[in-house]
Every structure is written in structure tokens, then in C-alpha cells.
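K.L.:
Could you have a look at this structure, given as C-alpha cells, before my questions?
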Amino acid sequence: MRIVKMLIALSMILLLGILRLLAAAISWLYCRAASLVFAPLVICLILAVIMTQWIAVGIFGAIIGACFILLFAIGWIEVELEFGQEFFKGLMHG
Numbered sequence: 309m310r311i312v313k314m315l316i317a318l319s320m321i322l323l324l325g326i327l328r329l330l331a332a333a334i335s336w337l338y339c340r341a342a343s344l345v346f347a348p349l350v351i352c353l354i355l356a357v358i359m360t361q362w363i364a365v366g367i368f369g370a371i372i373g374a375c376f377i378l379l380f381a382i383g384w385i386e387v388e389l390e391f392g393q394e395f396f397k398g399l400m401h402g
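The numbering used here applies: residue 309 is where the sequence shown begins, and numbers increase by one.
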């Protein structure tokens with residue numbers, strides 16, 4: 309029974325590690341792309357405020373907000389994958 313538990317734990321640790329690596333790569337790529345996109349979005353947002361185009365302000369604000377929510381979600385997924393790995397590591401030793 310202990311061998312089966314170890315094999316399941318090791319396979320889950322490997323799977324969660326691969327998923328965590330994939331999430332980290334996506335996060336890195338997203339941050340690089342967002343750094344190029346945020347500057348023009350903020351400039352357009354400031355220009356829309358100056359020109360009092362409130363619908364454009366709302367649209368740009370929603371796009372920027374969605375980008376931050378997406379980045380938060382990616383970070384949260386990375387943390388949960390790490391917690392899953394630690395759980396299965398504890399299961400192996402306990």
C-alpha cells in the first residue's frame with residue numbers, strides 16, 4: 309500500500325511541477341506582452357480623460373482591469389499548484 313501511495317504522490321508531484329512550469333512560462337510571456345501593451349493603453353486612457361470621452365475611458369479602464377485580473381489569476385494558479393505539490397510531498401513523507 310505504501311508503494312502505491314508513493315507512486316501516486318510522485319506522479320502527482322511531477323504533473324503539478326510540469327503544470328507549474330507551464331504556468332510560470334505563461335506568466336513570464338504575459339508580463340512581457342503586457343509591458344508592451346500597457347504603455348499605449350495608459351496613454352490612450354489619459355488622452356481620453358483629457359478629451360472627456362468617458363465611454364473610451366470606461367473601455368480602456370475595463371481592458372486594463374481585465375489584464376490585471378488575468379495576471380492575478382495566473383499568479384493564483386501558480387500558488388495553488390505549489391500548494392498541491394507541497395501537499396503530495398507531505399503525503400510521501402507522512
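Glycine residues also receive a C-beta, built at the ideal position from the N, C-alpha and C atoms.
Since Ala356 and Phe346 are thought to touch, with beta carbons under 8 Å apart, how far apart are those beta carbons, to the nearest angstrom?
P.N.:
Ala356 to Phe346, Cβ: 15 Å. No contact.
K.L.:
Do you know offhand how far Ile377's Cα is from Ile321's?
P.N.:
Rounded to whole angstroms, Ile377 to Ile321 spans 28 Å at the Cα level.
K.L.:
Given that a residue counts as buried once 16 or more other Cβ atoms are within 10 Å of its Cβ, and exposed if not, what is Leu353?
P.N.:
Buried is the call here.
K.L.:
Would you mind sorting Phe380 into buried or exposed? The rule is 16 or more other CB atoms within 10 Å of its CB.
P.N.:
exposed
K.L.:
Taking 7 Å as the limit between beta carbons, can you name the residues of its chain near Ile358, skipping five residues before and five after?
P.N.:
none
K.L.:
Would you say Ile382 and Ser335 are within 8 Å of each other, going by their C-beta atoms?
P.N.:
yes
K.L.:
CA-CA distance, Ala370 and Met314?
P.N.:
Between Ala370 and Met314, the C-alpha separation is close to 47 Å.
K.L.:
Quick one: is Leu294 buried, meaning 16 or more other Cβ sit within 10 Å of its Cβ, or exposed?
P.N.:
Shown here, the chain extends from 309 to 402; a query on residue 294 therefore has no answer.
K.L.:
Looking at the unbroken alpha helix (DSSP H) that takes in Gln393, where does it start and where does it end?
P.N.:
Looking at the DSSP string, the run of the alpha helix (DSSP H) that includes Gln393 is 362-401.
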